[in-house]
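Asker: This structure is in structure tokens; I'll ask about it shortly.
Protein chains: 2
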Amino acid sequence: MQISELARRTGVPVATVKYYLREGLLPAGELTGATRARYDETHVERLRLVRALLGPGGLSVATARTVLAAVDAPGTAVHEALGAAHRALPGVGPGDPPDLDRAHAVLDRRGWRVAADSPALRALAAALAALDAAGQPPGDDLLDRYAEAAGRIGEQDVADVPTGSLQEAVRFVVVHTVLLEPVLLALRRLAQEDASGRRFCGGC
Amino acid sequence: MQISELARRTGVPVATVKYYLREGLLPAGELTGATRARYDETHVERLRLVRALLGPGGLSVATARTVLAAVDAPGTAVHEALGAAHRALPGVGPGDPPDLDRAHAVLDRRGWRVAADSPALRALAAALAALDAAGQPPGDDLLDRYAEAAGRIGEQDVADVPTGSLQEAVRFVVVHTVLLEPVLLALRRLAQEDASGRRFCGGC
DNA sequence: AATATTGGGCACCGCCACTATCCAATCAGG
DNA sequence: CCTGATTGGATAGTGGCGGTGCCCAATATT
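Line by line, the protein sequences are chains A and B.
Reading the first sequence from the start, the letters are residues 1 to 204 in the UniProt record's numbering.
Reading the second sequence from the start, the letters are residues 1 to 204 in the UniProt record's numbering.
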């Protein structure tokens, strides 16, 4: 198929498909002439993935390129792919390294072992600092409850990773890491809404 | 204090403080003359809150304005404040209303009652659609596990809301709704990292 | 009185995700 | 084979966002 059909089948404007090609989010089609290129089903699939990462996944084009590079690298081990995805995700800039002590303490209480330079660790520390700044420092019990719930989920995420093909596993990890975040946040809000209705509205 | 001291104490550039004043994120100081205004501790506190919402909270200026308006409205009930915060949070545009059936099914299995037009419900449906588009449709068991973990958290969030002052409760709800999201996401990533290390790296 | 600072307003900047236009090459229809 | 439409590729432009720089008259400080 040509670029116009690729665009039509995915609902993405042709100019945008060209943009993704330029940005390296989408592999080039097979050139059949100086002004013709052929695309196939893998391009359709990839384009849908790109749109999912950029839209609901909330990734920037630059971030998506890095994440997809990990998906494409042939020999990437699953643990490395997860690390690559985590590293690529919008993290905390190198500005003012936050206080990692409380974040470490939460991890220690659960017995989690993570890399000392884990971006998620810095993100957690930064988020805790923001709560302090907002005048609502979280208690250890609250953090532990959050950590327990997160632990359940993270454990399950990893247990679900398929063992068949490495390619498949890496793709699974990246997609689930990124696209289940909005699912989790939406479910939390729904749970809050339900609980709030019961506590403050008598079921509304 | 004057604007320069407000800026100095919070580490925010003066021009940016002026911008927040223009945008209505920060209430105007008390005018003491045509070119003087006085700010107090409430402004320092509010400015820190604004920075926390805009930075780690990930809100846009427009969203933060809406959320803060709910905080400021005097008679807002807690349930309304939560709703206002949820409605203001970056949701799904009115484009292509997603299929709500699967989202409803998850909620029904947990017995949650939420508004039919809940933005979180639409967000959930959109996120599920994105997973489908990415070729990794989530199974019901996965969704149920996520919902269970989210339920634990949301329940606790609501139970923690202080009952003393309404103002205090509303502020608590807004801050916790917004700023615990990055905490939850960071903890999930850390749990994944820990679990991945144990499963795929033998503890690395 | 001289100097420095302030509040307020407006214009401007850099970044980002597209989007529009142009061009030569090429394909399809007649 | 000729003609007109379409394509790939490149370049430039757009609109929104979150600030940022600059200027001015008015005011405080010295």
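Ideal placement from N, C-alpha and C gives every residue a C-beta, glycine not left out.
Predicted model only: the values in this text are computed from it and were never measured.
Of all the CB atoms in chain B, is at least one closer than 8 angstroms to the CB of Arg109 (chain A)?
Answerer: no
Asker: Which one or two residues does DSSP pair with Glu30 (chain B) in a beta bridge?
Answerer: B:Arg38
Asker: Report the option in A:Ala195, A:Arg87, A:Val170, A:Ala159 whose CA atom is closest to the CA atom of Pro74 (chain A).
Answerer: A:Val170
Asker: Using a Cβ-Cβ cutoff of 8 angstroms, what residues of the UniProt domain "HTH merR-type" (1-70) of chain B are near chain A? List them in chain order.
Answerer: Glu45, Arg48, Leu49, Arg51, Ala52, Leu53, Gly55, Pro56, Gly57
Asker: Taking its Cβ as the centre, do 16 or more other Cβ atoms sit within 10 Å of Pro162 (chain A), making it buried, or is it exposed?
Answerer: Within 10 angstroms of the beta-carbon of Pro162 (chain A) lie fewer than 16 other beta-carbons, which makes it exposed.
Asker: Go ahead and pull the three-state DSSP assignment for Pro182 (chain A).
Answerer: helix
Asker: Is it the case that the stretch 50-68 of chain B contacts the stretch 146-158 of chain B, given that we only count it when at least three CB pairs across the two stretches are under 8 angstroms?
Answerer: No, the stretch 146-158 of chain B does not touch the stretch 50-68 of chain B.
Asker: With distance defined between alpha-carbon atoms, name the residue in A:Leu185, A:Val78, A:Leu131 nearest to Gly164 (chain A).
Answerer: Distances from the CA of Gly164 (chain A) to each of A:Leu185, A:Val78, A:Leu131 were compared; the closest alpha carbon is that of A:Val78.
Asker: Whole angstroms is fine: what's the gap from Phe200 (chain A)'s alpha carbon to Ala129 (chain A)'s?
Answerer: 30 angstroms
Asker: Beta-carbon within less than 7 angstroms of Pro137 (chain A)'s beta-carbon, same chain only, minus the 5 sequence neighbours each way: which residues are those?
Answerer: Closer than 7 angstroms at the Cβ level, and outside the excluded window around Pro137 (chain A), lie Leu131.
Asker: For Glu181 (chain B), does the count of other Cβ atoms within 10 angstroms reach 16, so buried, or fall short, so exposed?
Answerer: Burial state of Glu181 (chain B) is buried, judged by a 10 Å Cβ sphere holding 16 or more other Cβ atoms.
Asker: Exposed or buried, what is Gly197 (chain B) when buried is set at 16 or more other beta-carbons lying within 10 Å of its beta-carbon?
Answerer: buried
Asker: Helix, strand or coil: how does DSSP classify Arg65 (chain B) here?
Answerer: Per DSSP, reduced to three states, the secondary structure at Arg65 (chain B) is helical.
Asker: By how many angstroms is the C-alpha of Arg65 (chain B) removed from the C-alpha of Arg22 (chain B)?
Answerer: 11 angstroms
Asker: In this structure, does DSSP put Pro13 (chain A) in helix, strand or coil?
Answerer: Here Pro13 (chain A) sits in coil by DSSP.
Asker: Between Ala104 (chain A) and chain B, is any beta-carbon pair separated by less than 8 angstroms?
Answerer: Looking at the sequence provided, one finds His at residue 104 (chain A) rather than Ala. False, the Cβ-Cβ gap to chain B never drops below 8 angstroms.
Asker: Check each candidate in B:Thr16, B:Arg51, B:Leu26 and name the one with the smallest Cα separation from Tyr39 (chain B).
Answerer: Of B:Thr16, B:Arg51, B:Leu26, the residue nearest in Cα terms is B:Leu26.
Asker: Just checking my contact of Ala120 (chain B) with Leu190 (chain A) at CB under 8 angstroms: how many whole Å lie between their CB atoms?
Answerer: Right, the Cβ-Cβ distance comes to about 5 angstroms (below 8 angstroms), so this counts as a contact.
Asker: Using a Cβ-Cβ cut-off of 6 angstroms (strictly less than) and excluding sequence neighbours within five positions of Ala70 (chain A), which residues of its own chain qualify?
Answerer: Its chain contains Thr76, Ala81, Ala84 as the residues whose beta carbon lies nearer than 6 angstroms to that of Ala70 (chain A), once the 5 sequence neighbours on both sides are disregarded; these appear in chain order.
Asker: Check the Cβ-Cβ distances between Pro162 (chain B) and every residue of chain A, and say whether any is below 8 angstroms.
Answerer: no
Asker: With a threshold of 8 angstroms between beta-carbons, can Pro74 (chain A) be considered close to chain B, or not?
Answerer: no
Asker: Taking its Cβ as the centre, do 16 or more other Cβ atoms sit within 10 Å of Ala123 (chain B), making it buried, or is it exposed?
Answerer: buried
Asker: Could you give the residue range of the alpha helix (DSSP H) that holds Val106 (chain A)?
Answerer: 101-110
Asker: Check whether chain A comes within 8 angstroms of Ala88 (chain B), counting only Cβ atoms and requiring the distance to be less than that.
Answerer: no
Asker: Are Gln192 (chain B) and Val158 (chain A) closer than 8 angstroms when you measure CB to CB?
Answerer: yes
Asker: Residues of chain B with CB closer than 8 angstroms to the CB of Glu168 (chain A), please, in chain order.
Answerer: Simply none; closest approach about 10 angstroms.
Asker: For Leu47 (chain B), count neighbouring Cβ atoms within 10 angstroms of its own Cβ and tell me buried if that reaches 16, exposed if not.
Answerer: buried
Asker: Under 8 angstroms, Cβ to Cβ, is there at least one residue of chain A near Ser196 (chain B)?
Answerer: yes
Asker: Going straight from the alpha carbon of Gln2 (chain A) to that of Phe172 (chain A), what length do you get?
Answerer: Going from the Cα of Gln2 (chain A) to the Cα of Phe172 (chain A) covers about 28 angstroms.
Asker: Which chain B residues sit within Cβ distance under 9 angstroms of Ala116 (chain A)?
Answerer: Going along chain B, no residue has its Cβ under 9 angstroms from Ala116 (chain A), so there is no contact; the nearest lies around 12 angstroms.
Asker: Which runs of the alpha helix (DSSP H) spanning at least 4 residues fall entirely within the stretch 112-177 of chain A, listed in chain order?
Answerer: 119-133, 140-159
Asker: For Gln192 (chain A), is the beta carbon positioned less than 7 angstroms from some heavy atom of the ligand MN?
Answerer: Looking for the ligand MN in the displayed structure turns up nothing, as the structure carries no ligands at all.
Asker: Does Gly75 (chain A) come out as helix, strand or coil in the three-state DSSP assignment?
Answerer: coil
Asker: Could you check which residue in A:Ala88, A:Leu142, A:Asp99, A:Ala133 has the C-alpha nearest to that of Arg109 (chain A)?
Answerer: A:Leu142
Asker: In angstroms with no decimal places, state the Cα-to-Cα distance between Val114 (chain B) and Arg102 (chain B).
Answerer: 15 angstroms
Asker: Determine whether the beta carbon atoms of Gly135 (chain B) and Leu6 (chain A) lie at a separation below 8 angstroms.
Answerer: no
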